[in-house]
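Working notes for the structure below.
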Amino acid sequence: MLTEKQTTVLAFIIAVLGIILTFTFFLKTPFKIVRTVEVPVQDTPVIEVSKENTLEVLKNAYRPSKSPLSKEEFSKSPKLFMAGSFNNAILEIHGTLDGNQAVFLLLNFANQGGIIKGERNSKTKLDLDTTEEKGGFFSKNPITTSVDLLRDTLGTISSEFERTKLGSREFNFIEHEQPSTISQLLVVPISQNGEYGGATITQLTIKYSCQNNEKCIIGLCEDGDRFTECINRNFGQKVMQEWMKKNGF
Numbered sequence: 044m045l046t047e048k049q050t051t052v053l054a055f056i057i058a059v060l061g062i063i064l065t066f067t068f069f070l071k072t073p074f075k076i077v078r079t080v081e082v083p084v085q086d087t088p089v090i091e092v093s094k095e096n097t098l099e100v101l102k103n104a105y106r107p108s109k110s111p112l113s114k115e116e117f118s119k120s121p122k123l124f125m126a127g128s129f130n131n132a133i134l135e136i137h138g139t140l141d142g143n144q145a146v147f148l149l150l151n152f153a154n155q156g157g158i159i160k161g162e163r164n165s166k167t168k169l170d171l172d173t174t175e176e177k178g179g180f181f182s183k184n185p186i187t188t189s190v191d192l193l194r195d196t197l198g199t200i201s202s203e204f205e206r207t208k209l210g211s212r213e214f215n216f217i218e219h220e221q222p223s224t225i226s227q228l229l230v231v232p233i234s235q236n237g238e239y240g241g242a243t244i245t246q247l248t249i250k251y252s253c254q255n256n257e258k259c260i261i262g263l264c265e266d267g268d269r270f271t272e273c274i275n276r277n278f279g280q281k282v283m284q285e286w287m288k289k290n291g292f
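Remember, this note's numbering sits 43 above the position in the sequence shown when you count from 1.
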């Protein structure tokens, strides 16, 4: 049996051996010296987005006639003026089915037309399965959908399909940097049997915001306004004259 003195000496020897082994381990372990350099804390651009603006496009619920795209009927659709630096612009669409048949929705805006969340299969037919997968087959109430007016994919109209053979493509109804302009906006339900109608559009709302504290605007022309009257009232005579020249007036 060890004496108290021997126990103390043994504990000391064990402690010394532990220190030596630890030191030896660290000597054999390679150390990587990490070099550092100061960098700015802020390394992404600051993009200030203005508050969201809301525009109600429809004053009354809309049910299409048998020929909503005729010159006479289309002329009744709302006229919108727009300009500026846009961060986003979303068109929200609400409606109700008139009966039991499902419908598709045709959007016509900024001199472009497409089937919302649709896919065309031929000049006269839609690809039903793909359109349904995309969410463009509306068979239940209420109808609720949206379109990103800056960048979204829609099914092509028949004349474009015939020309390009594309069933769908990307649309830019509004540019991020949008010159002053005026355009009519129309959303038309199309029933499964290929006729206009089958649903009522109850609400069209555009929600938009501007980029970097820049100015942007989307507004409704006054009832009965001609294109030139509306653009002159909202953007001035010089812009009106430029717009007329660009559009062949």
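Beta carbons are placed, not taken as given, at the ideal position from N, Cα and C, and that holds for glycine. Quick caveat: nothing in here was measured; it's all calculated off a predicted structure.
On the DSSP letters alone, give me the boundaries of the alpha helix (DSSP H) that residue i sits inside.
| i | result |
| --- | --- |
| Asp195 | Here Asp195 belongs to no alpha helix (DSSP H); instead the beta strand (DSSP E) covers 195-198. |
| Asn275 | 270-278 |
| Leu181 | Looking at the sequence shown, residue 181 is not Leu but Phe. Per DSSP, Phe181 belongs to no alpha helix (DSSP H) and is neither H nor E. |
| Thr207 | 201-207 |
Any idea which residues DSSP pairs residue i with across the strands?
| i | result |
| --- | --- |
| Thr97 | Lys250 |
| Gly157 | Leu150 |
| Val230 | Leu150 |
| Leu123 | Ser226, Leu263 |
| Phe292 | Beta-bridge pairing links Phe292 to no other residue. |
Determine the closest residue to residue i out of the options, with distance taken between C-alpha atoms.
| i | options | result |
| --- | --- | --- |
| Lys177 | Lys160, Ser202, Val190 | Lys160 |
| Gly267 | Gly291, Leu123, Gly241 | Leu123 |
| Thr224 | Met287, Gly142, Ser113, Leu140 | Met287 |
| Leu134 | Ile200, Lys109, Asn215, Pro107 | Asn215 |
| Leu228 | Asn184, Thr207, Gln155 | Gln155 |
| Ser165 | Ser211, Glu220, Lys281 | Ser211 |
| Gly198 | Leu209, Ser108, Ala132, Gln246 | Leu209 |
| Glu265 | Leu101, Ser182, Lys94 | Leu101 |
| Ala145 | Leu171, Phe181, Ala126, Pro111 | Phe181 |
| Pro232 | Ala132, Glu95, Asp141, Asn131 | Asp141 |
| Glu213 | Glu285, Arg269, Arg276, Val190 | Val190 |
Counting along the chain, where does the beta strand (DSSP E) carrying residue i start and finish?
| i | result |
| --- | --- |
| Glu217 | In the sequence as displayed, the identity of residue 217 is Ile instead of Glu. Looking at the DSSP string, Ile217 is not in any beta strand (DSSP E), and its letter there is neither H nor E. |
| Val113 | The sequence given here places Ser at residue 113; Val does not occur at that position. Where Ser113 is concerned, there is no enclosing beta strand (DSSP E), given that its DSSP letter is neither H nor E. |
Does the separation of the CB atoms of residue i and residue j fall below 9 Å?
| i | j | result |
| --- | --- | --- |
| Leu169 | Ile186 | no |
| Lys250 | Leu149 | no |
| Ser252 | Ala242 | no |
| Glu238 | Lys109 | yes |
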